[in-house]
Amino acid sequence: MSQKPVGGPPGEEEVDWCLYQLNGTTEFEVSEADIISTVEFNHTGELLATGDKGGRVVIFQREPESKNEPHSQGEYNVYSTFQSHEPEFDYLKSLEIEEKINKIKWLPQQNAAHSLLSTNDKTIKLWKVTERDKRPEGYNLKDEEGKLKDLSTVTSLQVPVLKPMDLMVEVSPRRIFANGHTYHINSISVNSDCETYMSADDLRINLWHLAITDRSFNIVDIKPANMEDLTEVITASEFHPNHCNLFVYSSSKGSLRLCDMRASALCDKHSKLFEEPEDPSNRSFFSEIISSVSDVKFSHSGRFMLTRDYLTVKVWDLNMETKPIETYQVHDYLRSKLCSLYENDCIFDKFECAWNGSDSVIMTGAYNNFFRMFDRNTKRDVTLEASRESSKPRAILKPRRVCVGGKRRKDDISVDSLDFTKKILHTAWHPAENIIAIAATNNLYIFQDKVNSEMH
Amino acid sequence: METDDREGNRMWEEDSSPKHLLDTMFARGIKRKCFDGEEDIEGTLAGFKSVPSYNLQRQSLLDMSLVKLQLCHMLVEPNLCRSVLIANTVRQIQEEMTQDGTWQVINAQNTGQASLDRLVSSDILCRSTKEQGEGKLVPSYSSFSKDFEDIQSQDIISDLSTVASVQAPRNPQSNVWEMENPQENRGNFQKSLDQIFETLENKNPNSVEDLFSDVDNSYYDLDTVLTGMMSNTKMGHCDVLESFSSQTTTNSNSNCKSDINELDHIVEILVES
Chain B
2 MSQKPVGGPP GEEEVDWCLY QLNGTTEFEV SEADIISTVE FNHTGELLAT GDKGGRVVIF
62 QREPESKNEP HSQGEYNVYS TFQSHEPEFD YLKSLEIEEK INKIKWLPQQ NAAHSLLSTN
122 DKTIKLWKVT ERDKRPEGYN LKDEEGKLKD LSTVTSLQVP VLKPMDLMVE VSPRRIFANG
182 HTYHINSISV NSDCETYMSA DDLRINLWHL AITDRSFNIV DIKPANMEDL TEVITASEFH
242 PNHCNLFVYS SSKGSLRLCD MRASALCDKH SKLFEEPEDP SNRSFFSEII SSVSDVKFSH
302 SGRFMLTRDY LTVKVWDLNM ETKPIETYQV HDYLRSKLCS LYENDCIFDK FECAWNGSDS
362 VIMTGAYNNF FRMFDRNTKR DVTLEASRES SKPRAILKPR RVCVGGKRRK DDISVDSLDF
422 TKKILHTAWH PAENIIAIAA TNNLYIFQDK VNSEMH
Chain V
96 METDDREGNR MWEEDSSPKH LLDTMFARGI KRKCFDGEED IEGTLAGFKS VPSYNLQRQS
156 LLDMSLVKLQ LCHMLVEPNL CRSVLIANTV RQIQEEMTQD GTWQVINAQN TGQASLDRLV
216 SSDILCRSTK EQGEGKLVPS YSSFSKDFED IQSQDIISDL STVASVQAPR NPQSNVWEME
276 NPQENRGNFQ KSLDQIFETL ENKNPNSVED LFSDVDNSYY DLDTVLTGMM SNTKMGHCDV
336 LESFSSQTTT NSNSNCKSDI NELDHIVEIL VES
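Just so you know, the protein sequences line up as chains B and V, in that order. With my numbering applied, the first sequence corresponds to residues 2 to 457, in that order. With my numbering applied, the second sequence corresponds to residues 96 to 368, in that order.
Put into structure tokens, the structure is as follows:
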């Protein structure tokens, strides 16, 4: 396993990652509500949204380049913070509905405003983010404070003019898509037609129109007639980036189903089933659990799919259903520890995965605040750490290594020393540049390619 | 393997801990041949004096899984994916035990009417109805319904003994997966958990039957419950309730510690009426 940094665009093999900025509180002040539960760049990479367990959304905006202030270029500053979801109580079922934000997805920008969808377990909301930097002054009927003028004092007419004001970012909920799901929503995905989106829970997938909130169309339903027969659930789903009729969903048994909405109204029957036969030599009681797919992402090109299961990330070619074209081991040293991981529930952790802009590098998180990158072209991979101690601003990240007995180099970490409470579940890659956002508990790390940042 | 002095979540303490052994056993799907020097476990097994049998390991995994399924009812709303995966694991183990004949042996010991081919469905796993005459190896627990007029919970009171007082049809809604009627699911399962933990501690290897040997059958005898004449002190706070309740739709065996305020409130109402 090579330790050279990876992640550059094709033709430029080596990337040095360095910490660009770190947002979050120090470890002694962590409250459960601050734990980041999702991270998402918008389509241009100008905005970065995070959701947390307390139902809040924080949007960061990248500062535009400016020759006057070379040091603050490319920094992501807080643009807006708002409370997206509140905890609810379902009185009928005597159950609490968590306000934790499970997923955020940006809509493609169609006018000056930005829009995003945020969802918790049950309800999806469409938020509109607008800027206001001017305000009209000089009304005829109202005075500066908005009170109605005494008409007798008005002697002439004037045209109100727009005067600049301090920038205000306003966020308003434009749509609330409620009561569509009995089970917990695990993913949402905006269609390339920019009119519809889908939301998936454990057993069903619904198709919504962005402008219609009082009904949705059920397109996948895997709930068995008898719940006792339930052996498989939906774990993630996504629309194809280019074909508005195609979407994929993954299951807890490790299979992927590509569905075509043109085929039938209810897409219970898949168009393609992607499944890798089990390796008999690796079979154990935990085989099924570790094969459960926790995340699925189409490549930007639309040609490939990336899946994450407990121990590996796999690249699938849409044209080949029998097996993935590439498999990368994320932390195979855990394979002999599965029983302990089952006992402490870590085996059920859901890690996400991400493509870089050119689909040449894939990234996913692991334990001990480690995250991994795999270069598909050079076949080299690297393990990096997101921690305050090992990340000084602008210093290049040092690759980490986990040793499994045998030779141990300096700075290696043994498997038994890994901290399983520090897990990186949520990561995001800028759509075009080598900028990554890593959520480590309540901290948001933004790493940039050193070359990239020096150019500004 | 050494333990690190660093603070953190250390999962593996000593080489000979049961957990560690379980890990090595299940690493590569090792079934019968545990000690034939498979490369990946050789190094880790070195230095061990004795390794528990595969059956014991498998039993531990089964017990652990059943406990996990029980615990899922305590949460706000159970994670369905996790529950399904655990239930599938339990099924897998039971299938294997059936093929081994291990399952068969235990069933024969318990009752003569064991239904050997029937695997426990996920529903029963979480609701744990131990139906009379059939030695289904699931922990039984009581569903403590907060709503005393809810007759649905009646079906959960099933006899371990052969005397059948009540055999209500299984409520299809009282199901680990269902969300529509979580009241049963959210009932107090503390007593059953206590039973499980107790029996897990005390049980002997290869004696699955012991898992349930500590269960006091009188708990599930509806007559006893109805008359409230339980002499067993395990009832604790609940016997007050039993003597007042005319509708004994609930199994009073639940440990009511956490619901004591509610019980007091209900008792007040009953007394006043």
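Beta carbons are placed, not taken as given, at the ideal position from N, Cα and C, and that holds for glycine. All values derive from a computational prediction rather than experimental measurement.
Straight-line Cα distance separating residue j from residue i
i, j, result
"B:Q110", "B:E64", "18 Å"
"B:D261", "B:K273", "9 Å"
"B:D346", "B:E100", "22 Å"
"B:S1", "B:G56", "The structure shown does not extend to residue 1 of chain B, since chain B spans only 2 to 457, so no value can be given for it."
"B:R381", "B:E233", "35 Å"
"B:G358", "B:E434", "7 Å"
"B:N103", "B:D151", "53 Å"
"B:V403", "B:Q62", "35 Å"
"B:G303", "B:C354", "16 Å"
"B:N444", "B:T39", "12 Å"
"B:C19", "B:F218", "45 Å"
"V:Q152", "B:D417", "22 Å"
"B:R133", "B:Y80", "13 Å"
"B:S153", "B:S173", "38 Å"
"V:C176", "B:I235", "8 Å"
"B:Y446", "B:T82", "18 Å"
"B:N141", "B:R216", "44 Å"
"B:K411", "B:R401", "10 Å"
"B:P88", "B:I348", "27 Å"
Other residues of its chain near residue i: CB distance less than 8 Å, five sequence neighbours each side excluded
i, result
"B:A237", "N187, S188, A201, Y250, S251, V294, S295, D296, V297"
"B:P137", "P161, V162, L163, K164"
"B:E322", "K273, L274, F275, E276"
Chain B contact for residue i (CB, 9 Å cutoff)
i, result
"V:N150", "no"
"V:L369", "No answer is possible for residue 369 of chain V: the residues shown for chain V start at 96 and end at 368."
"V:V187", "Looking at the sequence provided, one finds Gln at residue 187 of chain V rather than Val. So, interface residue."
"V:T184", "yes"
"V:L180", "yes"
"V:M192", "no"
"V:L164", "no"
"V:L66", "Residue coverage of chain V in this structure runs from 96 to 368, which leaves residue 66 of chain V outside it and unanswerable."
Residues bridged to residue i (per DSSP)
i, result
"B:H210", "B:T197"
"B:I98", "B:E89"
"B:F61", "B:L49, B:V79"
"B:T354", "Checking the sequence, you will find Cys at residue 354 of chain B rather than Thr. DSSP output for B:C354 lists B:T365 as bridge partner(s)."
"B:D261", "B:L247"
"B:D310", "Beta-bridge pairing links B:D310 to no other residue."
Whole-Å CB distance - residue i paired with residue j, under 8 Å assumed
i, j, result
"B:W356", "B:L419", "That pair is no contact at about 26 Å."
"B:V130", "B:I60", "7 Å"
"B:A429", "B:A438", "5 Å"
"B:F275", "B:W209", "Actually they are not in contact, since the Cβ atoms of B:F275 and B:W209 sit about 26 Å apart, beyond 8 Å."
"V:I188", "V:L164", "About 12 Å; that fails the 8 Å criterion."
"B:Y21", "B:L49", "Their Cβ separation, rounded to whole angstroms, is 12 Å, which puts B:Y21 and B:L49 out of contact at 8 Å."
"B:V405", "B:Y343", "Not confirmed; about 20 Å, so no contact."
"B:I105", "B:E41", "5 Å"
Neighbour flag for residue i against chain V, beta carbons, 9 Å
i, result
"B:T313", "no"
"B:H301", "no"
"B:E196", "no"
"B:I290", "yes"
"B:T120", "no"
"B:S253", "yes"
"B:F352", "no"
"B:L426", "no"
"B:E461", "Nothing about residue 461 of chain B can be read from this structure; chain B reaches only from 2 to 457."
"B:C19", "no"
"B:C340", "yes"
"B:T232", "yes"
Short CB-CB distance (under 9 Å) between residue i and chain D
i, result
"B:F286", "Looking at the structure shown, chain D is missing, and the protein chains on hand are B and V."
Sequence-distant residues of its chain with Cβ nearer than 7 Å to residue i (five each side left out)
i, result
"B:E196", "H210, L211"
"B:I177", "T124, K126, T214"
"B:C268", "I220, V221, C260, M262"
"B:Y329", "T313, V314, F375, D382"
"B:N246", "D261, M262, R263"
"B:R336", "L312"
"B:E171", "T131, R133"
Neighbourhood of residue i by C-beta distance below 6 Å, restricted to the same chain and skipping five residues each side
i, result
"B:D194", "C245"
"B:K254", "E233"
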